[in-house]
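Trainee: Here's a structure for you.
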Amino acid sequence: MTRTRRIALVDEAASTDVGTTHMAAARASVQAISLLVRAHEESGKRQNEIAELLGISEGRVSQILNGDGNVRIATLARVLAATGFDLVLGATPSVQGVLAKNDPGPQITQRRGYVAVEMAACVTGSGVTQEPVIHLTASHPRDVGQSYDVVFDLSTGLVESSDEANDPPPTWQRVLDEE
Amino acid sequence: MTDVTPVDRTPPDGLELPKVERVLVASGKQHDVECAVRTDLSSPVSTFLSDLREGSLDDDAPAGLEDADEQVSFYYWFLAAAQHLAETGELPDRVGYNALRSGVWEIKRWNVRVTFFDTDGSGSQTPKKTEIDILRKRPEWPWFDEYLRLTTAFEKTSQKTPEEQLRLAEAVMREDLAHDTH
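If you read the protein sequences in the order shown, they are chains A and B.
Mapping the first sequence onto my numbering, position 109 (from 1) lands on 109, and the numbers just tick up by one.
One rule links them: number in my numbering = place in the second sequence (from 1) + 1000.
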């Protein structure tokens, strides 16, 4: 039985602003618990040792470590510190973020540019070999006088060979096929 | 929560069961987590999740989920947990579970239990044998088949799972698996 292409409830949730924010909170609480559990295991400390470091009861430590992950940032940081870890917060743009949905302009995830590959002669201890030299360019290499053997257009996904009679180098072609 | 009133849902001989589309909760590298479908095409867990999402669980909402906001939070937590399970093959840390019987397992959070079974999609189900984790007094999480089908949801108010809930989960499992053989 092959998997059918249905929209999962998870993806439905991510397609609305309200759902996106709720899912973000849910994922954060799941991750917070995982962080606490793993830091605790890694530290090798007993719960009463953590309780003593924090000046709270062992019961409270157990509540935090066995809870639902909805802890205050400060509590999370303190418990992690007691287990020998520093909390580092970060944020990454969401793929279908609120800004992208409301922005009538280009998608923020659109890729532009070119990856040009030129096989260049390289002198090594074994003699002269051909090695690929890779250039990342905003404009087509032809437009800026850059020589190339193969160029990959990031916005269209098309591959172009400078010599249409020759195939791209085998290794490069395999990478494209796997993409 | 799931109605346990016993109803004979065996289809008459010769009746063709319609093709079913199960509500997909999450899909990942390891599993598709779906809501099982009964013979009459009802889906107890799908209904439960819808009620949670709307914050409209009725008067017998489990303890801790009386408030609509709590129900909505629980809904999204469940989605996040299901996504983690689908992607990694395991439940998130500290999410409880247990093996019930006949291949039916349960996910535990607070007083809420969501039962499920696993299948390869061929219409059969093979209960997974697993070692017992003596420290945690529960079975080790086994390597489940590709599809995890959520069968029922109920509030656990006693130490042992009520027999009618076990029978209901088994019945939903049988009826759901029958769809895969048609």
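Note that beta-carbon positions come from the ideal geometry of N, C-alpha and C, so glycine has one too.
Computed from a predicted structure; not experimentally measured.
Closer than 9 Å between beta carbons: that is the criterion. Which residues of the stretch 1125–1155 of chain B meet it against chain A?
Mentor: Those would be 1146 and 1147, in chain order.
Trainee: Which residues of chain A have a Cβ atom closer than 8 Å to the Cβ of residue 958 of chain B, listed in chain order?
Mentor: Limits of chain B in this structure are 1001 at one end and 1182 at the other, which puts residue 958 of chain B out of reach.
Trainee: Does chain B have any CB closer than 7 Å to the CB of residue 180 of chain A?
Mentor: The structure shown has nothing for residue 180 of chain A, since chain A only spans 1 to 179.
Trainee: Just to confirm the assignment, what range does the alpha helix (DSSP H) spanning residue 73 of chain A have?
Mentor: Taking the first residue of the first sequence as position 1, residue 73 of chain A is located at position 73. First-last of the alpha helix (DSSP H) with residue 73 of chain A: 73–82.
Trainee: List the DSSP bridge partners of residue 1173 of chain B.
Mentor: In the second sequence, residue 1173 of chain B corresponds to position 173, counting from 1. The partner list for residue 1173 of chain B (beta bridge, DSSP) is empty, contrary to what the question assumes.
Trainee: Between the stretch 1044–1052 of chain B and the stretch 1060–1080 of chain B, do at least 3 Cβ pairs fall closer than 8 Å?
Mentor: Yes, since at least three Cβ pairs between the stretch 1044–1052 of chain B and the stretch 1060–1080 of chain B fall closer than 8 Å, the two stretches touch.
Trainee: Assess, as a yes-or-no matter, whether the stretch 1161–1172 of chain B is touched by the stretch 1129–1136 of chain B under the definition of 3 or more beta carbon pairs within less than 8 Å.
Mentor: The stretch 1129–1136 of chain B, when compared against the stretch 1161–1172 of chain B, does not touch it at the 8 Å Cβ threshold.
Trainee: In the structure shown, what three-state DSSP assignment does residue 130 of chain A receive?
Mentor: In the first sequence, the residue the question calls residue 130 of chain A occupies position 130. Looking at residue 130 of chain A - three-state DSSP - the assignment turns out to be strand.
Trainee: Using a cut-off of 9 Å between C-beta atoms, extract the partners of residue 48 of chain A located in chain B.
Mentor: Walking along the first sequence from the start, residue 48 of chain A turns up at place 48. Going along chain B, no residue has its Cβ under 9 Å from residue 48 of chain A, so there is no contact; the nearest lies around 18 Å.
Trainee: Does the beta-carbon of residue 1159 of chain B have 16 or more other beta-carbons within 10 angstroms, so that it is buried, or is it exposed?
Mentor: Position 159 of the second sequence, counted from the first residue, corresponds to residue 1159 of chain B. So residue 1159 of chain B ends up on the exposed side.
Trainee: Rank A:7, A:118, A:79 and A:21 by C-alpha distance to the C-alpha of residue 34 of chain A and give the top, closest one.
Mentor: Here residue 34 of chain A refers to the residue found at position 34 of the first sequence. Of the candidates A:7, A:118, A:79 and A:21, the one whose C-alpha sits nearest the C-alpha of residue 34 of chain A is A:79.
Trainee: Output the distance between the C-alpha atoms of residue 1144 of chain B and residue 115 of chain A, rounded to the nearest integer angstrom.
Mentor: Here residue 1144 of chain B refers to the residue found at position 144 of the second sequence. Here residue 115 of chain A refers to the residue found at position 115 of the first sequence. Distance between the alpha carbons of residue 1144 of chain B and residue 115 of chain A is about 43 Å.
Trainee: With respect to the alpha helix (DSSP H) encompassing residue 52 of chain A, which residues constitute its N-terminal and C-terminal limits?
Mentor: Within the first sequence, residue 52 of chain A is the residue found at index 52, counting from 1. 47–54 is the span of the alpha helix (DSSP H), which, as asked, contains residue 52 of chain A.
Trainee: By the three-class DSSP mapping on this structure, what secondary structure does residue 1185 of chain B have?
Mentor: This structure does not reach residue 1185 of chain B, given that chain B is present from 1001 up to 1182, and the question cannot be answered.
Trainee: Going by DSSP, what residues sit across from residue 1116 of chain B in a beta bridge?
Mentor: Residue numbering aside, residue 1116 of chain B sits at position 116 when the second sequence is read from its first letter. Beta-bridge pairing links residue 1116 of chain B to B:1105 and B:1150.
Trainee: Taking DSSP as the reference, what is the three-state secondary structure of residue 1095 of chain B?
Mentor: In the second sequence, residue 1095 of chain B corresponds to position 95, counting from 1. The answer is coil: DSSP assigns residue 1095 of chain B none of H, G, I, E or B.
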